[in-house]
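Enquirer: Below is one structure. I have some questions about it.
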Amino acid sequence: MVPGNSRQPMTAATRRTAGKIPFLLLMTAPLLAACQHQDATDTVTGWWHNFEGGEIAKLRAPPPGENLRYPHVGRTPTQAPDLPTPEARLSLTTQLEAQRNLAQRESAAQGALPTIPPPPKPVPAATTANTEQSGMTMTTVGQPEPESPSAINPAPDLAPDHLATTSAPNASAPAKKTAPSAPAAEAELPAVVAKSIPPTPPGQFPKIGDLPPPPPQFPGFDLPRDAMVSDPVRPDIDTSTPEGTLIRFQPATDHVTGDPQGDYQHIVSLRGNRRLTILGFGAFMSADAALAPADQNREIALGLLRARVVARALIARGVPASAIILRAEAIGDGVRVTIND
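Put into structure tokens, the structure is as follows:
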């Protein structure tokens, strides 16, 4: 140690440790570079998966087609696909709307879903009371009723002359016992006859069951095969979609969905000096929709609230209140605004 110098001499152990630090930095640099694409969550998740082991710790399989070449842009189709005509699309849309409206009406007609009561609790098996003390028996539901003591040990069948003999004093005539009656046979279900279905050979379709009888034929008439099949019963419900501009609302509220400013401006521009009919609907496929009077009153009140919201928006855009007619129905969707001729 040199006098006046504060530095300590470097020992051999210190020199060996100092030589290992650059080596450790070189070893950890690739590890740190490999984790640059992972955040703290991915790193901790990987540690946990490695700790769990099993299938979750294995590497994921590469996606299919990883090593394939990219497709050529020139192979993309250049012609428009064959789509239905506008008339066919309009017909399909009309059918879907009718099915939707029919489903709404049927759901309302059926009412709310029934509440299924809990199953009854099992009744514990009742014990048979002592017949010598009470002379009564107790049985559970579904068990055969026990035979009475008189049926087990029937009274002796005495003839009239025996009655006269036994009525006399010191009668010693033996009593004649009859055999107990045989129990009634239990009702049995008819025997189940299993009809084996022949196996279908490979490459063939299974055989169709027996067809219904053919319809009667009349000379000069060509009846179709489904002439005897009855059409499904459809309720007498108006399934047509109401006319007018649709303003949608949130379910069971009078809050408008989205931004209807463009619809309002379109209605005002087409109105001119004509009157407007605002038809508000109540329930829209709700679980508690029904046709009970109380439910109809609730839904009609909601429809009037929705119609009033649209009326206020149109009045704010210059439509006079005297030119607006408010109506409401129980079952439907949102609000419909029509222009009267």
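Quick note on numbering: the sequence shown equals residues -33 to -1, 1 to 308 in mature numbering (1 follows the signal peptide of the UniProt record, and there is no 0). The beta carbon of each residue, even a glycine, is placed where N, CA and C say it ideally should be. Since this is a predicted model, take the numbers as computed values, not measurements.
Is the CB-CB distance between Gly247 and Leu271 below 8 Å?
Expert: yes
Enquirer: Between Gly249 and Ala219, what straight-line distance do the alpha-carbon atoms span, to the nearest angstrom?
Expert: 7 Å
Enquirer: Closer than 7 Å by C-beta to His222: which residues in its own chain qualify, once you throw out the five before and the five after it? Chain order, please.
Expert: Phe216.
Enquirer: Does the Cβ of Val277 have 16 or more other Cβ atoms within 10 Å, making it buried, or fewer, making it exposed?
Expert: buried
Enquirer: Got a sec, what are the start and stop residues for the beta strand (DSSP E) Glu296 sits in?
Expert: 291 to 298
Enquirer: Does DSSP put Leu63 in a helix, in a strand, or in coil?
Expert: Reduced to three states, the DSSP call for Leu63 is helix.
Enquirer: Look at Val286 and Leu243 and say whether their C-beta atoms are less than 8 Å apart.
Expert: yes
Enquirer: Rounded to a whole number of angstroms, what is the C-alpha to C-alpha distance between residue 309 and Thr208?
Expert: Examination of residue 309 is not possible in this model, given that the chain is present from -33 through 308 alone.
Enquirer: Which class does Leu272 belong to by DSSP, given the choice of helix, strand or coil?
Expert: helix
Enquirer: For Tyr231, does the count of other Cβ atoms within 10 angstroms reach 16, so buried, or fall short, so exposed?
Expert: Burial call: buried.
Enquirer: Would you identify the three-state DSSP class for Ile204, choosing helix, strand or coil?
Expert: coil
Enquirer: Sorted by chain position, which residues of the same chain lie with C-beta nearer than 6 Å to Gly211's C-beta, five sequence neighbours on each side aside?
Expert: Arg303, Val304, Thr305
Enquirer: Quick one: Cα of Thr107 to Cα of Ala65, how far?
Expert: With a pLDDT of 46 at Thr107, under the threshold of 50, the predicted position of this residue should be treated as unreliable, though the coordinate-derived value follows. Distance between the alpha carbons of Thr107 and Ala65 is about 55 Å.
Enquirer: Could you tell me which of Ala274, Ala261, Pro202, Ala280 sits nearest to Val235, measuring between CA atoms?
Expert: Ala280
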